[in-house]
Amino acid sequence: MTEVSEPKSAATVILLRPAQSCGLEVFLTRRPDRMDFLGGAYVFPGGTVRKEDCSEGILKRCAGFSPHEARQALGAHLRPDTALGHWVAGIRELFEEVGVLLAMTPDGRSAEVSDEKRRRVVGKQISFRELLESENLFCDGGGLRYFSHWLTPEEFAIRFDTRFFIAVLPPGQVPLEKSEEVAHALWLTPERAMQLYARGSLPMIFPTYASLRTLADFDSIESLVKEYGIP
5 MTEVSEPKSA
15 ATVILLRPAQ
25 SCGLEVFLTR
35 RPDRMDFLGG
45 AYVFPGGTVR
55 KEDCSEGILK
65 RCAGFSPHEA
75 RQALGAHLRP
85 DTALGHWVAG
95 IRELFEEVGV
105 LLAMTPDGRS
115 AEVSDEKRRR
125 VVGKQISFRE
135 LLESENLFCD
145 GGGLRYFSHW
155 LTPEEFAIRF
165 DTRFFIAVLP
175 PGQVPLEKSE
185 EVAHALWLTP
195 ERAMQLYARG
205 SLPMIFPTYA
215 SLRTLADFDS
225 IESLVKEYGI
235 P
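The numbering of the sequence shown is this note's numbering, which starts it at 5 and goes up by one.
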């Protein structure tokens, strides 16, 4: 009998913006073909929840959402610090992969960080916590809202226990179209993304498609805000 692999905790962020005409658009990234997991597929930015994402030092750098609130959203089976660590992981991965930083200054203003500093975090020259501390920034936990939960089936060798979050693109920030972990990226309405998937030109896995199907039911960012409470 094949041993079932233990799934890794992960966080994924569905980045949103208003569409030019009406409705909303999502940001999809294509994973490089060389990657062992989902190489060539279009996904939302995200990755594994690391131990340091749940550490006391970085949780002190979170504002707008508490460990208790995070646990209420994700489930009582998780420790409060582990639950909030999913928010940190989502914010960190979004920054590392596409350069969008959901962070704020001590007085509540949104903040941006240069791509050079992003590359230093990706290259492990500094940690994400050290970046936040050096810039005196706090993760904007309130800008990230829990959306859904997906678990890779047991027959897969690589498995993830993934929480999906939604966030609106902060004013003034532009996500990268390419990076160390992104071969290509684009903004699409959920309807258009599903059309391209049906034609075979936008490969994706079922959780990505299912998320797009849900988002297609909303005619605006405002209606999504009402449903999920995005600030």
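In this text, a Cβ means the ideal position worked out from N, Cα and C, and glycines have one as well. Every value quoted in this text rests on a predicted model; they were computed, and no experiment measured them.
Considering only the beta carbon of each residue, do residue i and residue j sit closer than 7 Å?
{"i": "F164", "j": "A14", "result": "yes"}
{"i": "P175", "j": "E101", "result": "no"}
{"i": "L180", "j": "G103", "result": "yes"}
{"i": "T2", "j": "C58", "result": "Beyond the ends of the chain as shown, which are 5 and 235, falls residue 2; an answer cannot be given."}
{"i": "F151", "j": "I170", "result": "yes"}
{"i": "V126", "j": "E73", "result": "no"}
{"i": "V17", "j": "L98", "result": "yes"}
{"i": "L20", "j": "L28", "result": "yes"}
{"i": "V92", "j": "I130", "result": "no"}
{"i": "R167", "j": "H153", "result": "yes"}
{"i": "P194", "j": "L173", "result": "no"}
{"i": "P207", "j": "A45", "result": "yes"}
Could you check the C-alpha separation between residue i and residue j for me, to the nearest Å?
{"i": "R133", "j": "R123", "result": "14 Å"}
{"i": "R83", "j": "G68", "result": "19 Å"}
{"i": "R34", "j": "P22", "result": "21 Å"}
{"i": "P157", "j": "T212", "result": "15 Å"}
{"i": "I209", "j": "L219", "result": "16 Å"}
{"i": "L228", "j": "I162", "result": "32 Å"}
{"i": "R196", "j": "A202", "result": "10 Å"}
{"i": "P71", "j": "L192", "result": "33 Å"}
{"i": "G51", "j": "V186", "result": "12 Å"}
{"i": "S224", "j": "P11", "result": "34 Å"}
{"i": "Q76", "j": "K128", "result": "32 Å"}
{"i": "M5", "j": "Q24", "result": "Low confidence applies here, because M5 scores a pLDDT of 46, under 50, leaving its location unreliable; read the following figure in that light. In a straight line, the C-alpha of M5 is about 53 Å away from that of Q24."}
{"i": "A115", "j": "L135", "result": "12 Å"}
{"i": "L78", "j": "K64", "result": "20 Å"}
{"i": "E56", "j": "E231", "result": "31 Å"}
{"i": "L190", "j": "F222", "result": "20 Å"}
{"i": "V178", "j": "S118", "result": "12 Å"}
{"i": "M198", "j": "R54", "result": "32 Å"}
{"i": "C26", "j": "A214", "result": "21 Å"}
Grab the span of the beta strand (DSSP E) containing residue i for me, first residue to last.
{"i": "G146", "result": "No beta strand (DSSP E) holds G146; DSSP gives it neither H nor E."}
{"i": "F132", "result": "First-last for F132: 132-139, but that is the alpha helix (DSSP H), not the beta strand (DSSP E)."}
{"i": "G50", "result": "50-52"}
{"i": "L192", "result": "188-192"}
Does residue i come out as helix, strand or coil in the three-state DSSP assignment?
{"i": "C66", "result": "strand"}
{"i": "A74", "result": "helix"}
{"i": "F168", "result": "strand"}
{"i": "A23", "result": "coil"}
{"i": "L88", "result": "helix"}
{"i": "A107", "result": "strand"}
{"i": "I18", "result": "strand"}
{"i": "E29", "result": "strand"}
{"i": "G112", "result": "coil"}
{"i": "R34", "result": "strand"}
{"i": "A302", "result": "Only positions 5 to 235 of the chain appear in the structure, and residue 302 is not among them; the question remains open."}
{"i": "G61", "result": "helix"}
{"i": "F293", "result": "Nothing can be reported for residue 293, as the shown portion of the chain is limited to 5 through 235."}
{"i": "K121", "result": "helix"}
{"i": "K128", "result": "coil"}
If I follow the unbroken alpha helix (DSSP H) through residue i, where does it start and stop?
{"i": "H81", "result": "Looking at the DSSP string, H81 is not in any alpha helix (DSSP H), and its letter there is neither H nor E."}
{"i": "L216", "result": "210-219"}
{"i": "L228", "result": "225-232"}
{"i": "V178", "result": "Segment: none, V178 is in no alpha helix (DSSP H) and carries neither H nor E."}
For the ligand COA, I want to know if residue i counts as a neighbour, meaning its beta carbon is within less than 6 Å of at least one of the ligand's heavy atoms.
{"i": "D119", "result": "Within the structure as shown, the ligand COA is missing, as the structure has no ligands at all."}
Fill in: Three CB pairs or more closer than 8 Å across the region 104-114 and the region 142-156
yes
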